[in-house]
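Worksheet for the structure shown next.
In our numbering, the protein residues as written are 11 to 144.
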């Protein structure tokens, strides 16, 4: 419930390729009142299946990739140089789009890249009694 409240309070929410693939998250506000955040996914090689919830068209989605791909009304593809340090490039794009708050629900790799680039303000830790099977 707390995660959905936080989602309602932010402009955008971001995950990486692995989290999107393993969890198939909706990244929406389902158990709280408020506006759904823009969904952001990093998919350098466009390897994600477009049948995932992220691509269902219900919420605006931005995909950062190294490949060129045409956008639609609901899904915008933004090409970045993945050989460069991409976290600052992502933040530059989000700033230009007037996205002022970003919640990252990523895995180890995405979170560590943002920590290493000193691009974080707060960390929230959610605990669960459920065992995750990876």
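Just so you know, even glycine gets a beta-carbon here, dropped at the ideal spot from N, CA and C.
Buried or exposed: which applies to residue i, given that a residue is buried once 16 or more other Cβ atoms fall within 10 Å of its Cβ?
| i | result |
| --- | --- |
| residue 134 | exposed |
| residue 8 | Here the chain covers residues 11 to 144 and nothing more, so residue 8 does not appear. |
| residue 91 | exposed |
| residue 44 | exposed |
| residue 47 | buried |
| residue 53 | buried |
| residue 72 | buried |
| residue 67 | exposed |
| residue 37 | buried |
| residue 32 | exposed |
| residue 22 | buried |
Residues in the same chain with beta-carbon distance under 8 Å from residue i, minus the five sequence neighbours each way, listed in chain order, please.
| i | result |
| --- | --- |
| residue 29 | 35, 115, 116, 117, 120 |
| residue 98 | 127, 129 |
Work out the CA separation of residue j and residue i for me, nearest whole Å.
| i | j | result |
| --- | --- | --- |
| residue 103 | residue 39 | 24 Å |
| residue 122 | residue 110 | 21 Å |
| residue 125 | residue 74 | 19 Å |
| residue 76 | residue 136 | 32 Å |
| residue 57 | residue 27 | 8 Å |
| residue 131 | residue 96 | 18 Å |
| residue 15 | residue 42 | 6 Å |
Just grab the DSSP bridge partners of residue i for me.
| i | result |
| --- | --- |
| residue 71 | 49, 85 |
| residue 113 | 23 |
Under 7 Å Cβ to Cβ from residue i, same chain only, skipping five residues before and after it: list those, please.
| i | result |
| --- | --- |
| residue 65 | 71, 85 |
| residue 13 | 136 |
| residue 101 | 129 |
Among residues of its own chain, excluding the 5 on either side of residue i, which ones have a beta-carbon nearer than 6 Å to its beta-carbon?
| i | result |
| --- | --- |
| residue 69 | 38, 46, 49 |
Pair every Cβ in the stretch 78 to 91 with every Cβ in the stretch 109 to 124, then say whether three or more of these pairs are closer than 8 Å. Segment contact: the stretch 78 to 91 against the stretch 109 to 124, fewer than three CB-CB distances shorter than 8 Å; contact not assigned.
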